[in-house]
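S.K.: Pasting a structure here, questions to come.
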């Protein structure tokens, strides 16, 4: 998921997508020029740095394919899906579309995406990772990067508070809370042990440790008790000052990783996607490390999982399907594209591209790669694309979590209402 705390209007997305008809278009006015040059539109989100890298990769593709031009349609993440859903609803879908796993089924089930099974080479992508882009036997999206939700730590801030880094192969949630509170106390409050996270991936990991799945079909599969126990970890962190209070937690929870407590050197730990280590380290200017998530005592699995950082997909109504597939193939499989993009969209999903660029990766990404190699055998299978409506889950989870942390709702009441609202969102 690339990343930080991501909020986008699921209601707006759903409303716009409901307006999609069988005439979903692609290419708009792109078409073919008098000179025989085909123009593709490529819709994606990201930072200014990503835009620069992507434009460089596009230029390389165009140099290799002089009869194909690619027009990037770039935006920040907050406005991306609103803009994309409006284009799709107006039968003006881009030829090539960047998506994350939460949005995949929203678009695939409405006929917006092309089946890329026979048009893009995916032989060098891990089969389980590739399967996350398939729905009902059709490969609607190709993963171009992978990451895992992990715990990041600043060793210097831990040690300056008089504490030691944990043994992350054995530590428990109680150990995590205890360490966080001791870091805050040991620094006289100058550094907070950790910050709260309401990312659905965190809850998915915790639920897996209890033997529960996040979703089953079009329903949440977690018990109310599991959600309440998950909130109890956060409540204990607030009580012991291992994290900020509810108000400050809500404030910093809405920031990007570079503005987080970890990124501003006012917190020693935080939970983020592994491909965000570079951004966090750059912001902090200090050495940061990745750790396994803590475990429930007696749990048979750590619950962590690899998932696509993002996908590339093509419009089912593109007038230039072959050229769109060729561009996707280049972005996924060409080492020259990999050398430009590196790990900006997650560590390359293509094993040969990763091997070609691994020595060129920045130091933080080298650490991420080493960490993922270390934990790979412990990870559960990547999750399938969640049901339609799941794009609202992070907003729902954040809202009820804040109600509990502020003491405005009891955990019992909030868990029941969260499940009811989430199930209504994903029911159909």
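Residue numbers (mature numbering (1 follows the signal peptide of the UniProt record, and there is no 0)): -25 to -1, 1 to 403. Yeah, the Cβ is synthetic: ideal placement off N, Cα and C, and Gly gets one too. Just so it is clear, the structure is predicted and the values come from calculations on it, not from any experiment.
Counting only the same chain and skipping the five closest in sequence on each side, list residues whose C-beta sits under 7 Å from that of residue 2.
M.R.: Residue mapping note: residue 2 aligns to position 27 of the chain shown, counting from 1. Since pLDDT at residue 2 reaches only 43, below the 50 mark, its modelled position is unreliable, and the value read off the structure follows with that caveat. Cβ within range, chain order: 16, 70, 293, 294, 295.
S.K.: Tell me whether residue 122 is buried or exposed, calling it buried when 16 or more other Cβ atoms sit within 10 Å of its Cβ.
M.R.: Reading the chain shown from its first residue, position 147 is the one you call residue 122. Around the beta carbon of residue 122, 16 or more other beta carbons sit within 10 angstroms, so the residue counts as buried.
S.K.: For residue 88, which three-state DSSP category applies?
M.R.: Here the question's residue 88 lines up with position 113 in the chain shown. Here residue 88 sits in strand by DSSP.
S.K.: Give me the Cα-Cα distance between residue 103 and residue 232, rounded to the nearest whole angstrom.
M.R.: Position 128 of the chain shown, counting from 1, holds the residue named residue 103. Position 257 of the chain shown, counting from 1, holds the residue named residue 232. Using only the alpha carbons, I get a separation of about 28 Å.
S.K.: Is the CB-CB distance between residue 211 and residue 390 below 7 Å?
M.R.: As a working mapping, residue 211 is identified with position 236 in the chain shown. As a working mapping, residue 390 is identified with position 415 in the chain shown. For residue 211 and residue 390, no; Cβs fall outside 7 Å.
S.K.: Three or more C-beta pairs closer than 8 Å, one from the region 334 to 341 and one from the region 238 to 257: is that the case here?
M.R.: yes
S.K.: Excluding five sequence neighbours on each side, which residues of the same chain lie with their C-beta closer than 7 Å to the C-beta of residue 298?
M.R.: For this step, residue 298 is matched to residue 323 along the chain shown. Taken in chain order, the residues that qualify are 13, 15, 43.
S.K.: Give me, in chain order, the residues of the same chain whose beta-carbon lies closer than 8 Å to that of residue 150; leave out the 5 immediate sequence neighbours on both sides.
M.R.: The residue given as residue 150 occupies position 175 in the chain shown. Taken in chain order, the residues that qualify are 141, 269.
S.K.: For residue 308, which of helix, strand or coil comes out of DSSP?
M.R.: As a working mapping, residue 308 is identified with position 333 in the chain shown. Residue 308: helix per DSSP, three-state reduction.
S.K.: Note down, one range per segment and in chain order, each beta strand (DSSP E) of at least 3 residues found wholly within the region 8 to 66.
M.R.: Listed in chain order, the beta strand (DSSP E) elements of length 3 or more contained wholly in the region 8 to 66 are 13 to 20, 43 to 50.
S.K.: Run through DSSP, which three-state label would residue 124 get?
M.R.: Residue 124 sits at position 149 when you count from the first residue of the chain shown. If DSSP states are grouped into helix, strand and coil, residue 124 belongs with the strands.
S.K.: Using CA atoms only, rank isn't needed, just tell me which of 83, 241, 78, 175 is closest to residue 158.
M.R.: Your numbering for residue 158 matches position 183 in the chain shown. If we check each option's Cα against that of residue 158, 241 comes out closest.
S.K.: Under 8 Å: do the region 183 to 196 and the region 163 to 171 share three or more Cβ pairs, one atom per stretch?
M.R.: no
S.K.: Please report the straight-line C-alpha distance between residue 199 and residue 368, rounded to a whole angstrom.
M.R.: Along the chain shown, read from residue 1 onward, the residue named residue 199 stands at position 224. Along the chain shown, read from residue 1 onward, the residue named residue 368 stands at position 393. Each residue's Cα considered, the two are about 16 Å apart.
S.K.: So, is residue 319 buried or exposed, given that buried needs 16 or more other C-beta atoms within 10 angstroms?
M.R.: Along the chain shown, one-based indexing puts residue 319 at 344. Label assigned to residue 319: buried.
S.K.: Give the straight-line distance between the Cα atoms of residue 127 and residue 66, rounded to the nearest whole angstrom.
M.R.: Counting from 1 along the chain shown, the entry for residue 127 is found at position 152. Counting from 1 along the chain shown, the entry for residue 66 is found at position 91. If you take the alpha carbons of residue 127 and residue 66, they lie about 42 Å apart.
S.K.: Go to residue 133, then tell me how far its alpha helix (DSSP H) extends in each direction, as first and last residue.
M.R.: Taking the first residue of the chain shown as 1, we reach residue 133 at position 158. Residue 133 -> alpha helix (DSSP H) spans 130 to 135.
S.K.: Would DSSP call residue 179 helix, strand or coil?
M.R.: To locate residue 179, count along the chain shown from 1; it is residue 204. In the structure shown, residue 179 sits in a helix (DSSP, three-state: H, G or I).
S.K.: Locate the beta strand (DSSP E) running through residue 284, then write down its first and last residues.
M.R.: Position 309 of the chain shown, counting from 1, holds the residue named residue 284. Run containing residue 284: 281 to 289, per the beta strand (DSSP E) assignment.
S.K.: Where residue 95 and residue 50 are concerned, what is the direct C-alpha to C-alpha distance, given to the nearest angstrom?
M.R.: Taking the first residue of the chain shown as position 1, residue 95 is located at position 120. Taking the first residue of the chain shown as position 1, residue 50 is located at position 75. Straight-line Cα distance between these residues: approximately 26 Å.
S.K.: Looking at C-alpha atoms only, which residue of 217, 208, 207 is the closest neighbour of residue 156?
M.R.: Looking up residue 156 in the chain shown gives position 181. Of the listed residues, the one whose Cα sits closest to residue 156 is 217.
S.K.: Is the distance from the Cβ of residue 72 to the Cβ of residue 18 below 7 Å?
M.R.: For this step, residue 72 is matched to residue 97 along the chain shown. For this step, residue 18 is matched to residue 43 along the chain shown. In contact: residue 72 and residue 18 (Cβ atoms closer than 7 Å).
S.K.: According to DSSP, is residue 319 part of a helix, a strand, or is it coil?
M.R.: Within the chain shown, the letter at position 344 stands for residue 319. In this structure, residue 319 counts as strand in the three-state DSSP scheme.
S.K.: Quick one, are the C-beta atoms of residue 46 and residue 315 less than 7 Å apart?
M.R.: For the purposes of this step, residue 46 is taken as residue 71 along the chain shown, with counting starting at 1. For the purposes of this step, residue 315 is taken as residue 340 along the chain shown, with counting starting at 1. No. Outside cutoff.
S.K.: Do you know offhand how far residue 398's Cα is from residue 135's?
M.R.: The residue labelled residue 398 in the question sits at position 423 within the chain shown. The residue labelled residue 135 in the question sits at position 160 within the chain shown. Looking at the two C-alpha atoms, the distance is approximately 45 Å.
S.K.: Please identify the residue among 137, 101, 80, 139 whose C-alpha is closest to the C-alpha of residue 110.
M.R.: Counting from one through the chain shown, the residue named residue 110 turns up at place 135. Among 137, 101, 80, 139, the Cα nearest to that of residue 110 is on 80.
S.K.: When we look at the beta-carbon of residue 302 and count the other beta-carbons within 10 Å, is it buried (16 or more) or exposed?
M.R.: Within the chain shown, numbered from 1, the residue matching residue 302 stands at position 327. Buried, since its Cβ has 16 or more Cβ neighbours within 10 Å.
S.K.: Let me make sure I understand the geometry here. Which of 154, 114, 125 has the alpha-carbon closest to that of residue 174?
M.R.: In the chain shown, the residue the question calls residue 174 occupies position 199. When each option's Cα is compared against that of residue 174, the closest is 125.
S.K.: In three-state terms, what does DSSP make of residue 327?
M.R.: Walking along the chain shown from the start, residue 327 turns up at place 352. Residue 327: helix per DSSP, three-state reduction.
S.K.: When the distance is taken between beta carbons, is residue 137 closer than 7 Å to residue 161?
M.R.: The residue you call residue 161 lines up with position 186 of the chain shown. The residue you call residue 137 lines up with position 162 of the chain shown. In this structure, residue 137 lies closer than 7 Å to residue 161 by Cβ.
S.K.: To the nearest angstrom, how far is the alpha carbon of residue 385 from that of residue 221?
M.R.: Locating residue 385 in the chain shown gives position 410, counting from the first residue. Locating residue 221 in the chain shown gives position 246, counting from the first residue. Rounded to the nearest whole angstrom, the C-alpha separation of residue 385 and residue 221 is 15 Å.
S.K.: In the structure shown, what three-state DSSP assignment does residue 151 receive?
M.R.: The residue labelled residue 151 in the question sits at position 176 within the chain shown. Of the three classes helix, strand and coil, the one that applies to residue 151 here is helix, per DSSP.
S.K.: Quick one: measure Cβ to Cβ for residue 322 and residue 347, integer angstroms, because I've assumed they're closer than 8 Å.
M.R.: By one-based count along the chain shown, residue 322 stands at place 347. By one-based count along the chain shown, residue 347 stands at place 372. Their Cβ separation, rounded to whole angstroms, is 7 Å, which keeps residue 322 and residue 347 in contact under 8 Å.
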